[in-house]
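Engineer: The end of the sequence shown is residue 688 by the working numbering, with every number in the run present.
Cβ coordinates follow ideal geometry from the N, Cα and C atoms, glycine included.
Being a predicted model, the structure only gives us computed values, none of them experimental.
Here it is: the structure, laid out below.
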Amino acid sequence: MFYVFLAAVALLSGLVGFFIGGHPVALVFTLGATLIGLGIRDLVRHRHAIFAGTALAALIGWYLGGPSLAAVTALLAFPLQIAIHDYTLRKNVFLPLALTSTFLVWWQAWTHFGAVPGLALALLTFLLQVGVNDYWLQRTHTIRRNFPMLGWFRYGFELIGDELRQYWFRSDLEGWPNRDQAKYAYRSAKGINNNLGFGTKRDYRAVGEIHILPAMFPIPETESRGNRLPPLVIGRKRRKPYYCPWPINISGMSFGALSPEAVMALSSGAKEANIHILTGEGGMTDYHTKGVVRRIPFETKAAYWRALVKHYLTFKHSPLPQKPVAEVVGGGRIGVQIGPALFGFRKFFMDPVDTASGKEFRKRWTNEIDWDKIAALGDNDQIAFVELKWAQGAKPGQGGKLPKEKITAELAEWRGIPMNEDCYSPNAWKEAPDVESMFRLVKRVQDLTGKPVGIKIVVGQEKDIRAIAKLMKDTGEGPDMITIDGGEGGTGAAPAALADRAGMPILHAIPLVDNILREYGVRDNVTLVASGRMLDGADIAIAIALGADMVNRGRINMVFEGCILAYRCHTNTCPAGVATQDPRLRRGLDPEDKYVKVANGNLVAQRELLMICRTAGVRHPWELTRHHLSVVVSPMVEKNMAEIHPYPDGSDGKRNPTLGAVPADDPEHNDRFGPKLIQIGKIERKKK
Numbered sequence: 001m002f003y004v005f006l007a008a009v010a011l012l013s014g015l016v017g018f019f020i021g022g023h024p025v026a027l028v029f030t031l032g033a034t035l036i037g038l039g040i041r042d043l044v045r046h047r048h049a050i051f052a053g054t055a056l057a058a059l060i061g062w063y064l065g066g067p068s069l070a071a072v073t074a075l076l077a078f079p080l081q082i083a084i085h086d087y088t089l090r091k092n093v094f095l096p097l098a099l100t101s102t103f104l105v106w107w108q109a110w111t112h113f114g115a116v117p118g119l120a121l122a123l124l125t126f127l128l129q130v131g132v133n134d135y136w137l138q139r140t141h142t143i144r145r146n147f148p149m150l151g152w153f154r155y156g157f158e159l160i161g162d163e164l165r166q167y168w169f170r171s172d173l174e175g176w177p178n179r180d181q182a183k184y185a186y187r188s189a190k191g192i193n194n195n196l197g198f199g200t201k202r203d204y205r206a207v208g209e210i211h212i213l214p215a216m217f218p219i220p221e222t223e224s225r226g227n228r229l230p231p232l233v234i235g236r237k238r239r240k241p242y243y244c245p246w247p248i249n250i251s252g253m254s255f256g257a258l259s260p261e262a263v264m265a266l267s268s269g270a271k272e273a274n275i276h277i278l279t280g281e282g283g284m285t286d287y288h289t290k291g292v293v294r295r296i297p298f299e300t301k302a303a304y305w306r307a308l309v310k311h312y313l314t315f316k317h318s319p320l321p322q323k324p325v326a327e328v329v330g331g332g333r334i335g336v337q338i339g340p341a342l343f344g345f346r347k348f349f350m351d352p353v354d355t356a357s358g359k360e361f362r363k364r365w366t367n368e369i370d371w372d373k374i375a376a377l378g379d380n381d382q383i384a385f386v387e388l389k390w391a392q393g394a395k396p397g398q399g400g401k402l403p404k405e406k407i408t409a410e411l412a413e414w415r416g417i418p419m420n421e422d423c424y425s426p427n428a429w430k431e432a433p434d435v436e437s438m439f440r441l442v443k444r445v446q447d448l449t450g451k452p453v454g455i456k457i458v459v460g461q462e463k464d465i466r467a468i469a470k471l472m473k474d475t476g477e478g479p480d481m482i483t484i485d486g487g488e489g490g491t492g493a494a495p496a497a498l499a500d501r502a503g504m505p506i507l508h509a510i511p512l513v514d515n516i517l518r519e520y521g522v523r524d525n526v527t528l529v530a531s532g533r534m535l536d537g538a539d540i541a542i543a544i545a546l547g548a549d550m551v552n553r554g555r556i557n558m559v560f561e562g563c564i565l566a567y568r569c570h571t572n573t574c575p576a577g578v579a580t581q582d583p584r585l586r587r588g589l590d591p592e593d594k595y596v597k598v599a600n601g602n603l604v605a606q607r608e609l610l611m612i613c614r615t616a617g618v619r620h621p622w623e624l625t626r627h628h629l630s631v632v633v634s635p636m637v638e639k640n641m642a643e644i645h646p647y648p649d650g651s652d653g654k655r656n657p658t659l660g661a662v663p664a665d666d667p668e669h670n671d672r673f674g675p676k677l678i679q680i681g682k683i684e685r686k687k688k
């Protein structure tokens with residue numbers, strides 16, 4: 001919108017200039033208006049005046065010597081200001097000064113020899129200065145000192161290295177999600193054919209490959225119950241237990257890490273897929289609760305205006321049309337995540353401050369829990385449960401980080417943080433430094449809200465898991481849910497040392513926690529949630545068979561809403577508008593389109609999970625056990641997963657989750673394979 005407005009102002013200014021003095025003045029007016037507009041925008045957004053100074057120089061030059069001098073002064077003022085700015089930041093003025101001298105040569109050569117010789121001499125001047133600086137003056141870059149000018153190509157190729165690997169040189173099975181997996185996700189989100197031809201590309205016999213063991217006699221697809229599941233009851237002891245319809249939900253990704261548009265699309269997509277979304281530790285915002293508001297179709301607007309004109313032309317004899325209202329898709333069920341930073345749940349007070357205009361009151365945030373806000377969650381029917389975050393898979397032992405490049409005025413106000421520095425969350429709860437105090441904190445939130453309360457952990461030292469299980473056995477209390485985040489988990493920003501090495505992988509952690517809970521006889525008292533690189537129905541089924549009750553997925557939902565795997569989540573330059581707060585990049589992400597794709601991606605996973613249950617010969621996912629899996633342990637040797645991770649309690653993998661009644665069949669929204677997908681471009685169906 002800004003650029004449209006700027007173009008309109010520039011054209012109007014040019015038109016005024018044309019009537020005053022013809023084409024030269026029109027050009028000056030157009031350039032001047034453009035530079036002034038950019039300068040004003042720059043002053044507001046970036047707090048420096050490079051463009052404003054350029055505009056001022058151009059206007060002074062025009063006043064003193066006409067349009068030609070105006071253009072020259074503008075072209076000289078711009079790099080000189082960059083030189084000053086660059087020197088202030090990096091104490092290096094070579095490149096800006098080289099540009100300035102290049103512009104001077106170009107101006108003089110154009111004046112005396114013409115346009116083409118002027119450009120050639122300017123280019124030679126610039127390259128000569130770069131070569132001299134590389135070879136003789138600078139001493140910090142070895143490659144440029146040994147290979148002047150040519151060394152710059154290295155930095156250029158580094159800048160586009162990710163793009164070259166992603167689109168040209170990376171194999172289809174390299175990285176996560178790899179190209180084949182991303183293609184699967186995009187096609188699933190669009191509701192089109194996501195099958196593969198010619199068989200799998202995976203090395204099916206590679207060591208570590210997990211295979212789902214099909215039954216000789218699968219569950220017939222024609223069975224009426226084969227297209228839906230009973231809800232999983234979480235927190236059956238609470239005043240308001242949560243009946244979770246599907247064991248596939250959306251992981252916590254905060255507003256801040258993600259753009260508002262991305263959060264809205266995830267929230268409404270969750271609603272359409274009949275699942276829940278976690279808020280992330282950034283807190284619950286209107287973007288989570290309200291979701292997407294659909295635009296009023298042009299045909300509806302046109303019909304309204306035709307009827308309104310008819311109403312007045314007939315002297316109000318025809319009925320007055322009702323003004324169309326945008327349809328609010330709304331947000332789905334929400335799991336509120338609270339981390340040690342307490343974003344959204346901190347106490348604050350109003351502090352009087354003396355200013356030039358008199359006494360004002362400013363909000364001052366404390367680091368104390370606002371228990372009234374937590375208690376209020378119990379009265380909000382959209383809130384399904386609360387999750388207290390202890391650790392995150394990509395960076396266990398470190399709190400969340402929001403780079404300063406992403407912190408807008410809105411985010412700073414919401415979180416109560418400064419804008420000009422990185423936001424680091426505490427890495428530990430001061431209210432709960434040990435297991436006993438953790439249980440007390442969980443119990444207080446359970447009592448205040450009446451709803452299930454879970455904890456999010458990364459599995460590390462086994463003694464900590466045993467301490468939790470023992471206290472659950474001794475007290476009969478504890479969290480209603482334990483979310484295990486795998487060490488391979490994703491994030492918007494994490495230290496490489498933690499992301500690469502800290503925390504157990506999710507498929508290793510699930511059976512460890514499941515077995516410890518079984519040893520202490522408390523497995524049926526808690527819902528076990530797994531998170532970390534869950535792509536499709538097979539990944540979900542494997543996690544549940546290993547011991548989880550449900551899974552959360554994060555990164556793949558970002559792919560559903562348009563993520564292109566640019567790996568720029570930490571820079572605020574996400575080209576897809578998903579992990580950025582830059583308005584220019586956010587505008588490309590249309591929540592009205594993307595929420596349907598998020599819904600479809602999760603509906604596909606639901607259908608696939610039902611398909612695998614039928615294949616394995618079980619009625620629902622919680623009948624899956626490690627006996628349904630085998631893993632390649634060495635070349636030509638495969639073992640059953642129950643042999644690798646034996647059950648310690650003689651249960652043979654049986655679990656006793658509390659399940660609700662199977663919902664009635666809904667032929668409008670279900671077919672024999674499960675929930676129907678949403679056709680892109682059509683008005684979405686209403687969920688019951």
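Throw me the rounded Cβ distance for the Leu517 and Ile455 pair, which I believe falls under 8 Å.
Structural biologist: Wrong, their Cβ atoms sit about 13 Å apart, outside the cutoff.
Engineer: Taking only runs of the alpha helix (DSSP H) that begin and end inside the segment 469-551, which ones reach a length of at least 4 residues, in chain order?
Structural biologist: The qualifying runs are 496-501, 506-519, 537-546.
Engineer: Considering only DSSP beta bridges, list what Gly335 is partnered with.
Structural biologist: According to DSSP, which records beta bridges pairwise, Gly335 is partnered with Leu278, Phe385.
Engineer: Once DSSP output is grouped into helix, strand and coil, what is the label at Leu173?
Structural biologist: Three-state DSSP puts Leu173 in coil, outside helix and strand.
Engineer: Determine contact between the segment 405-414 and the segment 202-209, defined as no fewer than three beta-carbon pairs at a distance below 8 Å.
Structural biologist: Taking 8 Å as the limit for Cβ pairs, the verdict is that the segment 202-209 does not touch the segment 405-414.
Engineer: Can you tell me which of the three DSSP states Trp365 falls into?
Structural biologist: Strand, per DSSP.
Engineer: Which class does Pro583 belong to by DSSP, given the choice of helix, strand or coil?
Structural biologist: In the structure shown, Pro583 sits in a helix (DSSP, three-state: H, G or I).
Engineer: If we ignore side chains and look at the alpha-carbon of each, how far apart do Tyr243 and Ala215 end up?
Structural biologist: Going by the C-alpha atoms only, they are around 30 Å apart.
Engineer: I need the DSSP call for Cys563, collapsed to helix, strand or coil.
Structural biologist: Note: Cys563 maps to coil in three-state DSSP.
Engineer: Please work out which residues of its chain come closer than 6 Å, Cβ to Cβ, to Glu405, disregarding the five sequence neighbours upstream and downstream, and give them in chain order.
Structural biologist: Same-chain partners within the cutoff: Asn572.
Engineer: I'd like to check one pair, Ile510 with Ala566: are the Cβ atoms closer than 8 Å?
Structural biologist: No, they are not a contact pair.
Engineer: How would you write the range of the alpha helix (DSSP H) that Ile374 sits in, first residue to last?
Structural biologist: Counting along the chain, the alpha helix (DSSP H) containing Ile374 begins and ends at 371-376.
Engineer: Using the beta-carbon count (16 or more within 10 Å), is Val4 buried or exposed?
Structural biologist: Exposed: under 16 other Cβ atoms inside 10 Å.
Engineer: Which two residues bound the contiguous beta strand (DSSP E) that contains Lys456?
Structural biologist: Run containing Lys456: 453-457, per the beta strand (DSSP E) assignment.
Engineer: Over the uninterrupted beta strand (DSSP E) stretch that includes Cys569, give me the two end residues.
Structural biologist: Premise fails: Cys569 is in no beta strand (DSSP E) and is neither H nor E.
Engineer: I'd like to check one pair, Ile468 with Tyr459: are the Cβ atoms closer than 8 Å?
Structural biologist: In the sequence under discussion, the amino acid at residue 459 is Val, which differs from the Tyr named in the question. It is not a contact, given that the beta carbons lie outside the stated cut-off.
Engineer: Can you grab the Cα-Cα spacing for the pair Arg586 / Ala273, in whole Å?
Structural biologist: C-alpha separation (whole angstroms): 24 Å.
Engineer: Who are the near neighbours of Leu258 in its chain, counting only those whose CB is closer than 7 Å to its CB and skipping five residues on each side?
Structural biologist: The residues are Val578, Ala579.
Engineer: If Glu488 sits next to Gly399, beta carbons under 8 Å apart, how far is it from one beta carbon to the other, in whole angstroms?
Structural biologist: That belief does not hold up - the Cβ atoms of Glu488 and Gly399 are roughly 19 Å apart, past 8 Å.
Engineer: In chain order, what residues of the same chain have a beta carbon less than 8 Å from the beta carbon of Val233, not counting five sequence neighbours either side?
Structural biologist: If we look at Val233 and ignore the five residues flanking it on each side, its Cβ neighbours are Pro241, Tyr242, Tyr243, Cys244, Pro657, Thr658, Leu659, Gly660.
Engineer: Would Thr615 pass as a contact of Pro218 if the rule is Cβ separation under 8 Å?
Structural biologist: Yes. Within cutoff.
Engineer: Since Met350 sits in a beta bridge, which residues does DSSP pair it with?
Structural biologist: According to DSSP, which records beta bridges pairwise, Met350 is partnered with Lys363.
Engineer: What's the gap between the Cα of Lys451 and the Cα of Asn515?
Structural biologist: Approximately 26 Å between the Cα atoms of the pair.
Engineer: Identify, in the order they occur along the chain, each residue of the same chain with its Cβ nearer than 7 Å to the Cβ of Glu421, setting aside the five sequence neighbours on each side.
Structural biologist: Excluding residues within five positions, the ones whose Cβ falls inside 7 Å are Lys404.
Engineer: Of the choices Val604, Glu561, Tyr595, whose alpha-carbon is the least far from that of Leu537?
Structural biologist: Leu is not the amino acid found at residue 537; the sequence shown has Gly there. For Gly537, the nearest C-alpha among the options comes from Val604.
Engineer: By DSSP, does Asp671 sit in helix, in strand, or in coil?
Structural biologist: Strand at Asp671.
Engineer: Pull the bridge partners of Lys639 from the DSSP assignment, please.
Structural biologist: Its beta-bridge partners are Val631.
Engineer: Would DSSP call Arg415 helix, strand or coil?
Structural biologist: In the structure shown, Arg415 sits in a helix (DSSP, three-state: H, G or I).
Engineer: Going by C-alpha to C-alpha distance, which of Asp351, Met550, Thr54, Gly118 sits closest to Thr527?
Structural biologist: Comparing Cα positions, the closest option is Met550.
Engineer: Can the beta-carbon of Gly397 be found less than 8 Å from the beta-carbon of Gly344?
Structural biologist: No. Outside cutoff.
Engineer: Spatial neighbours of Gly503 within its chain, please: CB distance less than 6 Å, with the 5 preceding and 5 following residues excluded, ordered by chain position.
Structural biologist: Cβ neighbours of Gly503 beyond the five flanking positions: Gly393, Pro396, Val458, Gly487.
Engineer: Consult DSSP for Asn146 and reduce its assignment to one of helix, strand or coil.
Structural biologist: Helix.
Engineer: By how many angstroms is the C-alpha of Phe29 removed from the C-alpha of Trp390?
Structural biologist: Approximately 59 Å, taken between the alpha carbons.
Engineer: Counting along the chain, where does the beta strand (DSSP E) carrying Ile192 start and finish?
Structural biologist: Segment: none, Ile192 is in no beta strand (DSSP E) and carries neither H nor E.
Engineer: When we look at the beta-carbon of Val292 and count the other beta-carbons within 10 Å, is it buried (16 or more) or exposed?
Structural biologist: Classification of Val292: buried, given that the 10 Å Cβ count is 16 or more.
Engineer: On the criterion of 16 or more Cβ atoms from any shown chain inside 10 Å, does Asn195 qualify as buried, or is it exposed?
Structural biologist: The residue in question, Asn195, is exposed, as its Cβ has fewer than 16 Cβ neighbours within 10 Å.
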